[in-house]
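Everything on this sheet refers to the single structure shown next.
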Ligand SMILES: NC(=O)c1ccc[n+]([C@@H]2O[C@H](COP(=O)([O-])OP(=O)(O)OC[C@H]3O[C@@H](n4cnc5c(N)ncnc54)[C@H](OP(=O)(O)O)[C@@H]3O)[C@@H](O)[C@H]2O)c1
């Protein structure tokens, strides 16, 4: 029998949301409700086939969001980065994030987990002030903390899946090369295996927020990092697993200030999260069982690049 504890999942057809839906299904404590703009899309139909409730909503339409959240105890929120010009049809990430939190309040949601990253203007004391894709999430995070709803934010690293979704790992004559703008060979990056570790973190938080005896603290931001590692070391790890030559080269700046400052800041601050041990002890104390990057390479990289 499926659970009566409904939790709504934004971005359920995407990387993070699908990780959450899959993990919740495997666990069984909660009944995930997948939010999509198009319940007839291939991805949405696939989720429905797993026995998941699929609900249509568009974050630009508040009424549809309130309706999608009614009856849900908790919500996983993912917002998408965007650039101006904005309009009612294409609102900014901050507008969308705040509207979802307002809608959750109206619908009586008790707990929100928000997918975020640190604000880089604040972290760098103004040195990197053009990374709206980070600062916007930080602004939503602050709004969430002040909302009066119990909440937690995930601070994610660069998605390990960027190797294929962003084409960071490319075939060469002798094997493969990883290429990322601005990053030096020795700078560390935080890698998050989204498909595994985001679902793991969200489930642990959903299971913990009502339990007064545990370590859950509302309003906290939790780094979710599978490994802090240089791209050179990641290349060596992949080389070992594939038995092929894998190199790392620094790509030139993209010319887009928001991205170039993001890469420069990431390289300067070694991926932002090195002060938190891996795996994050605050989340493992709540029951999360994180993977290693070696497991990611074994399970995900080998099958895509191993032929
Ligand atoms: N790539 C990285 O390394 C990295 C690192 C840290 C943070 N991030 C952040 O991660 C976020 C992207 O997450 P992701 O990769 O999981 O996204 P994704 O795979 O691109 O999925 C986006 C999801 O959002 C849904 N969606 C899009 N517009 C919508 C709307 N108007 N209303 C309702 N749902 C909508 C889509 O569902 P339907 O199409 O079914 O409606 C889809 O499921 C970005 O904000 C990015 O800044 C990325």
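Numbering (the UniProt record's numbering), first residue to last: 1 to 307.
Don't be surprised by glycine CBs; every beta carbon is placed ideally from N, CA and C.
message = Quick check on DSSP: helix, strand or coil for residue 192?
response = Residue 192 carries a strand assignment under DSSP once its states are collapsed to helix, strand and coil.
inquiry  = According to DSSP, residue 251 sits in a beta bridge with which residue or residues?
reply    = Answer is 181, bridged to residue 251.
Reduced DSSP category for residue 296 - H, G, I as helix; E, B as strand; rest coil = Helix at residue 296.
The segment 173-189 / the segment 134-151 touching (three or more Cβ pairs under 8 Å) = Below 8 Å, too few C-beta pairs join the segment 173-189 and the segment 134-151 to call them touching: fewer than three.
ask   = What are the boundary residues of the beta strand (DSSP E) that includes residue 56?
value = Segment 53-56, the beta strand (DSSP E) holding residue 56.
task = Check the DSSP bridge columns for residue 36 and list the partner residues they point to.
result = Looking at the DSSP assignment, residue 36 forms a beta bridge with 56.
task = Determine, using beta-carbon pairs with one atom in the segment 226-245 and one in the segment 40-60, whether at least three such pairs fall under 8 Å.
result = Touching, no.
message = For a test of your reading of the model: does the CB of residue 272 fall under 7 Å from any non-hydrogen atom of ligand 1? Yes or no.
response = Residue 272 Cβ: outside cutoff for every heavy atom of ligand 1.
Residue from 272, 189, 194 whose Cα sits closest to the Cα of residue 123 = The residue with the shortest Cα to Cα distance from residue 123 is 272.
ask   = Should the segment 156-168 be called in touch with the segment 39-46, which here means at least 3 C-beta pairs below 8 Å?
value = Judged by Cβ distances under 8 Å, the segment 156-168 makes no contact with the segment 39-46, as fewer than three pairs qualify.
Residue of 86, 10, 83 minimising C-alpha distance to residue 56 = In this structure, 10 is the residue among 86, 10, 83 with its C-alpha nearest to the C-alpha of residue 56.
message = Any heavy atom of ligand 1 inside 7 Å of the beta-carbon of residue 159?
response = Residue 159: yes, Cβ under 7 Å from ligand 1.
message = Between the segment 124-136 and the segment 259-275, can you find at least three pairs of beta-carbon atoms closer than 8 Å?
response = Result yes; three or more Cβ-Cβ pairs closer than 8 Å.
Residue 220 versus residue 199: straight-line alpha-carbon distance, rounded = Going from the Cα of residue 220 to the Cα of residue 199 covers about 18 Å.
request  = Compute the Euclidean distance between the alpha carbons of residue 214 and residue 204, then round it to the nearest angstrom.
outcome  = Taking the straight line from one Cα to the other gives about 11 Å.
message = Could you tell me the alpha carbon to alpha carbon distance between residue 69 and residue 279, rounded to whole angstroms?
response = Their backbone Cα atoms lie some 32 Å apart in a straight line.
key: Local Cβ density within 10 Å of residue 281, reported as buried at 16 or more and exposed below that   = By the neighbour-count rule (16 or more Cβ atoms within 10 Å), residue 281 is not buried but exposed.
message = So, with DSSP's three-state summary, where would you put residue 236?
response = It is helical.
ask   = Residue range of the beta strand (DSSP E) that residue 163 falls in?
value = For residue 163, there is no enclosing beta strand (DSSP E); the residue is found in the alpha helix (DSSP H) stretching over 162-165.
task = Please classify residue 54: is it buried, with 16 or more other beta-carbons within 10 angstroms of its beta-carbon, or exposed?
result = By the neighbour-count rule (16 or more Cβ atoms within 10 Å), residue 54 is buried.
task = Can you tell me which of the three DSSP states residue 107 falls into?
result = Of the three classes helix, strand and coil, the one that applies to residue 107 here is helix, per DSSP.
task = Note down, one range per segment and in chain order, each beta strand (DSSP E) of at least 3 residues found wholly within the segment 80-141.
result = Listed in chain order, the complete beta strand (DSSP E) runs (minimum 3 residues) inside the segment 80-141 are 111-116.
query = Closest by CA to residue 63, which one among 81, 21, 107, 44?
reply = Distances from the CA of residue 63 to each of 81, 21, 107, 44 were compared; the closest alpha carbon is that of 107.
Own chain partners of residue 286 with C-beta closer than 8 Å, once the 5 adjacent residues on each side are dropped = So the qualifying residues of the chain are 204, 205, 207, 208, 214, 215, 216.
task = For residue 50, name the three-state secondary structure that DSSP assigns.
result = In this structure, residue 50 counts as coil in the three-state DSSP scheme.
ask   = Any idea what DSSP makes of residue 288, helix, strand or coil?
value = The three-state reading of DSSP puts residue 288 in coil, since its state is none of H, G, I, E or B.
ask   = Tell me, which residues are paired with residue 245 by DSSP?
value = In DSSP, residue 245 forms a bridge with 175.
key: Candidates 111, 6, 133, 79, of which the one nearest residue 99 by Cα   = The shortest Cα separation from residue 99 among 111, 6, 133, 79 belongs to 79.
query = Three or more beta-carbon pairs under 8 Å between the segment 285-305 and the segment 233-242, yes or no?
reply = The segment 285-305, when compared against the segment 233-242, does touch it at the 8 Å Cβ threshold.
task = Indicate, with yes or no, if ligand 1 has a heavy atom lying under 7 Å from the CB of residue 10.
result = Ligand 1 has a heavy atom closer than 7 Å to the beta-carbon of residue 10.
ask   = Is residue 245 near residue 174, with beta carbons less than 8 Å apart?
value = In contact: residue 245 and residue 174 (Cβ atoms closer than 8 Å).
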